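Trainee: Residue numbers (the numbering used here), protein chains in the order written: chain A, 4 to 66; chain B, 4 to 66; chain C, 4 to 66; chain D, 4 to 66; chain E, 4 to 66; chain F, 4 to 66.
All C-beta atoms in this analysis are idealised placements derived from N, C-alpha and C, irrespective of residue type, glycine included.
Small disclaimer: the values here were computed from a predicted structure and weren't measured.
Quick one: this structure, given as structure tokens, is what I'll be asking you about.
6 protein chains.
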Amino acid sequence: MPIVEIHLIKGRTLEQKRLLVASVTKAITESLAAPPETVRIILSEMEKDDYAIAGTLMSDKGH
Amino acid sequence: MPIVEIHLIKGRTLEQKRLLVASVTKAITESLAAPPETVRIILSEMEKDDYAIAGTLMSDKGH
Amino acid sequence: MPIVEIHLIKGRTLEQKRLLVASVTKAITESLAAPPETVRIILSEMEKDDYAIAGTLMSDKGH
Amino acid sequence: MPIVEIHLIKGRTLEQKRLLVASVTKAITESLAAPPETVRIILSEMEKDDYAIAGTLMSDKGH
Amino acid sequence: MPIVEIHLIKGRTLEQKRLLVASVTKAITESLAAPPETVRIILSEMEKDDYAIAGTLMSDKGH
Amino acid sequence: MPIVEIHLIKGRTLEQKRLLVASVTKAITESLAAPPETVRIILSEMEKDDYAIAGTLMSDKGH
Numbered sequence: 004m005p006i007v008e009i010h011l012i013k014g015r016t017l018e019q020k021r022l023l024v025a026s027v028t029k030a031i032t033e034s035l036a037a038p039p040e041t042v043r044i045i046l047s048e049m050e051k052d053d054y055a056i057a058g059t060l061m062s063d064k065g066h
Numbered sequence: 004m005p006i007v008e009i010h011l012i013k014g015r016t017l018e019q020k021r022l023l024v025a026s027v028t029k030a031i032t033e034s035l036a037a038p039p040e041t042v043r044i045i046l047s048e049m050e051k052d053d054y055a056i057a058g059t060l061m062s063d064k065g066h
Numbered sequence: 004m005p006i007v008e009i010h011l012i013k014g015r016t017l018e019q020k021r022l023l024v025a026s027v028t029k030a031i032t033e034s035l036a037a038p039p040e041t042v043r044i045i046l047s048e049m050e051k052d053d054y055a056i057a058g059t060l061m062s063d064k065g066h
Numbered sequence: 004m005p006i007v008e009i010h011l012i013k014g015r016t017l018e019q020k021r022l023l024v025a026s027v028t029k030a031i032t033e034s035l036a037a038p039p040e041t042v043r044i045i046l047s048e049m050e051k052d053d054y055a056i057a058g059t060l061m062s063d064k065g066h
Numbered sequence: 004m005p006i007v008e009i010h011l012i013k014g015r016t017l018e019q020k021r022l023l024v025a026s027v028t029k030a031i032t033e034s035l036a037a038p039p040e041t042v043r044i045i046l047s048e049m050e051k052d053d054y055a056i057a058g059t060l061m062s063d064k065g066h
Numbered sequence: 004m005p006i007v008e009i010h011l012i013k014g015r016t017l018e019q020k021r022l023l024v025a026s027v028t029k030a031i032t033e034s035l036a037a038p039p040e041t042v043r044i045i046l047s048e049m050e051k052d053d054y055a056i057a058g059t060l061m062s063d064k065g066h
């Protein structure tokens, strides 16, 4: 029954998202011996001015 | 003091959202005997390529 | 596919939790015309010293 | 290692966001004696029809 | 910079958690070409009476 | 209306939590010109074997 939320910066391609959810699901089912159908993944995409490290927005860091 | 986050796929009408938050709030206040003013609901809407079940994006499922 | 997280203060009985998840699920399925099997609810229970309103912990408020 | 998610209504300026993440990070590092580099902040911006208090959407309240 | 929260039922061994975070991190870094140091994972463990599917608590299902 | 969730490692004193919620609330209200009563903070405390950086649990790092 794992429910997963992944916060990541916007800008991934559809192909990267496909690969991401497939491989994370596989990692979870193999580690926990859980059936794949029970794994739900939410991708929560952030703009660069909505994420900060050490008090500085990513849009101000040029990352 | 319940704080609720509901993740759902984009595409609901304003009327559906109105009904959703009114009825979920009612369900909570009746179950927990909590005053309505203490209930906060965040609707977090997802694109179909931001949600996966069993390792497959919803946009690839035609759901 | 709604996934719901409800943050609430610890101390509800099992019977209250049963009622809560049943009635919130009903409220969601009726509002959104979604099948009940797709609704997942996470109850996230907080101690009173892990929740604050207006900068004051609930454990300091006697709420 | 604090990871912070702040849900707020859309419409803040870039300058307000800059100030927000800088001052919240400072508040955390000073309160917990944690190094700034360990603080991550996610700003999760909501439309007014995605947030409800007491069962009423903010877009219906004129707030 | 992916930040991941995994909600799962309590009862995993330390060894399972070790394997889980290592393999999910690998899945993410390989899918997104992100450096491992940027991946943070929060495991959020739930009691069986804090998770419901289709309106029924897991503790009432015998799952 | 900011709702804040702070994930942090267990082990803070009550006094540290008091200081944390007071100073984070002040930082938010000053940055956003929001009334203090609208700020809600959830502290979500994690065990060291429930948090990982770069694929390694904190309990395995001696942090």
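#1: Going by DSSP in three states, R15 (chain A) sits in which element: helix, strand or coil?
#2: Mind checking A36 (chain D): buried by the 16 CB within 10 Å criterion, or exposed?
#3: Using a C-beta cutoff of 8 angstroms, does P5 (chain B) count as contacting chain D?
#4: So with CB distances below 7 angstroms, who are the chain G contacts of E33 (chain F)?
#5: In chain E, which residues lie less than 9 angstroms from K29 (chain A) when you measure between Cβ atoms?
#6: Grab the span of the beta strand (DSSP E) containing E3 (chain B) for me, first residue to last.
#7: DSSP on A30 (chain D), reduced to helix/strand/coil?
#8: R43 (chain E) touches chain D at which residues, Cβ-Cβ below 9 angstroms?
#9: Would you call the region 42-54 of chain E and the region 28-47 of chain C in contact, with 3 or more CB pairs under 8 angstroms?
#10: For E8 (chain E), write down the residues that DSSP places opposite it in a beta bridge.
#11: Spell out the partners DSSP gives A55 (chain C) in its beta bridges.
#12: Under a three-way DSSP split, which group does A25 (chain B) fall into?
#13: Using C-beta distances below 7 angstroms, list every residue in its chain close to V27 (chain D), excluding the 5 sequence neighbours before and after it, in chain order.
#14: Excluding the 5 residues flanking V42 (chain D) on each side, which residues of the same chain have their C-beta closer than 6 angstroms to its C-beta?
#15: Are there 16 or more other CB atoms within 10 angstroms of the CB of G14 (chain D), so buried, or fewer, so exposed?
#16: What is the rounded straight-line gap between the Cα of T59 (chain D) and the Cα of A25 (chain B)?
#17: Does P38 (chain C) come out as helix, strand or coil in the three-state DSSP assignment?
#18: Considering only the beta carbon of each residue, do L23 (chain D) and S34 (chain F) sit closer than 8 angstroms?
#19: Report the rounded CA-to-CA distance for A62 (chain A) versus L11 (chain A), giving the unit in angstroms.
#20: Roughly how many angstroms lie between the CA atoms of K64 (chain E) and P39 (chain E), to the nearest whole one?
#21: I want to verify the contact list: residues of chain B whose CB lies under 7 angstroms from the CB of L60 (chain D), in sequence order.
#22: Going by beta carbon distance, what residues of the same chain come within less than 8 angstroms of K20 (chain B), once the five residues before and after it are set aside?
#23: Do you know offhand how far E50 (chain F)'s Cα is from I9 (chain A)'s?
#24: Answer with yes or no whether the minimum CB distance from L17 (chain A) to chain E is below 8 angstroms.
#25: Could you work out which residues of chain F lie near L11 (chain E), taking near to mean beta carbons separated by less than 7 angstroms?
Mentor: Let me lay it out:
#1: Within the first sequence, residue 15 (chain A) is the residue found at index 12, counting from 1. Note: R15 (chain A) maps to coil in three-state DSSP.
#2: The residue you call residue 36 (chain D) lines up with position 33 of the fourth sequence. With fewer than 16 other Cβ atoms from the protein chains shown falling within 10 Å of its own Cβ, A36 (chain D) counts as exposed.
#3: Along the second sequence, read from residue 1 onward, the residue named residue 5 (chain B) stands at position 2. In terms of beta-carbon proximity, P5 (chain B) stays away from the interface with chain D, with every pair separated by 8 angstroms or more.
#4: Note that chain G does not occur in the displayed structure, where the protein chains are A, B, C, D, E and F.
#5: Here the question's residue 29 (chain A) lines up with position 26 in the first sequence. Under the 9 angstroms cutoff, chain E gives S26, A30.
#6: Since the first residue shown for chain B is 4 and the last is 66, residue 3 (chain B) is missing from the structure and cannot be characterised.
#7: Looking up residue 30 (chain D) in the fourth sequence gives position 27. Helix, per DSSP.
#8: Taking the fifth sequence and counting its residues from 1, one reaches residue 43 (chain E) at position 40. Within chain D, the residues near R43 (chain E) are M4, I6, R43.
#9: The region 42-54 of chain E, when compared against the region 28-47 of chain C, does touch it at the 8 angstroms Cβ threshold.
#10: To locate residue 8 (chain E), count along the fifth sequence from 1; it is residue 5. According to DSSP, E8 (chain E) bridges with A:E8, E:I45.
#11: Reading the third sequence from its first residue, position 52 is the one you call residue 55 (chain C). Beta-bridge pairing links A55 (chain C) to C:L60, F:I44.
#12: To locate residue 25 (chain B), count along the second sequence from 1; it is residue 22. Correct three-state label for A25 (chain B): helix.
#13: Taking the fourth sequence and counting its residues from 1, the one referred to as residue 27 (chain D) is at position 24. Only V7, I44 meet the Cβ criterion.
#14: Here the question's residue 42 (chain D) lines up with position 39 in the fourth sequence. P5, T28, I31.
#15: Stepping through the fourth sequence from its first residue, residue 14 (chain D) is reached at position 11. With a threshold of 16 other beta carbon atoms within 10 Å, G14 (chain D) falls short and is exposed.
#16: Looking up residue 59 (chain D) in the fourth sequence gives position 56. Looking up residue 25 (chain B) in the second sequence gives position 22. Each residue's Cα considered, the two are about 6 angstroms apart.
#17: To locate residue 38 (chain C), count along the third sequence from 1; it is residue 35. Shown here, P38 (chain C) sits in coil according to DSSP, grouped into three states, outside any helix or strand.
#18: Mapped onto the fourth sequence, residue 23 (chain D) falls at position 20. Mapped onto the sixth sequence, residue 34 (chain F) falls at position 31. In this structure, L23 (chain D) sits near S34 (chain F), with a CB-CB distance shorter than 8 angstroms.
#19: For the purposes of this step, residue 62 (chain A) is taken as the residue at position 59 of the first sequence. For the purposes of this step, residue 11 (chain A) is taken as the residue at position 8 of the first sequence. The identity of residue 62 (chain A) in the sequence shown is Ser, whereas the question assumes Ala. Our two residues, S62 (chain A) and L11 (chain A), have alpha carbons roughly 14 angstroms apart in a direct line.
#20: Residue 64 (chain E) sits at position 61 when you count from the first residue of the fifth sequence. Residue 39 (chain E) sits at position 36 when you count from the first residue of the fifth sequence. Separation of K64 (chain E) and P39 (chain E) (C-alpha to C-alpha, rounded to the nearest whole angstrom) is 38 angstroms.
#21: Against the fourth sequence, residue 60 (chain D) aligns to sequence position 57. Those are K20, R21, V24, listed as they occur along chain B.
#22: Your numbering for residue 20 (chain B) matches position 17 in the second sequence. For K20 (chain B), same chain residues with a beta-carbon under 8 angstroms away, outside a window of 5 residues either side, are L46 in chain order.
#23: Locating residue 50 (chain F) in the sixth sequence gives position 47, where the first residue counts as 1. Locating residue 9 (chain A) in the first sequence gives position 6, where the first residue counts as 1. Rounded to whole angstroms, E50 (chain F) to I9 (chain A) spans 20 angstroms at the Cα level.
#24: Along the first sequence, read from residue 1 onward, the residue named residue 17 (chain A) stands at position 14. So, not an interface residue.
#25: In the fifth sequence, counting from the first residue as 1, residue 11 (chain E) sits at position 8. Simply none; closest approach about 10 angstroms.
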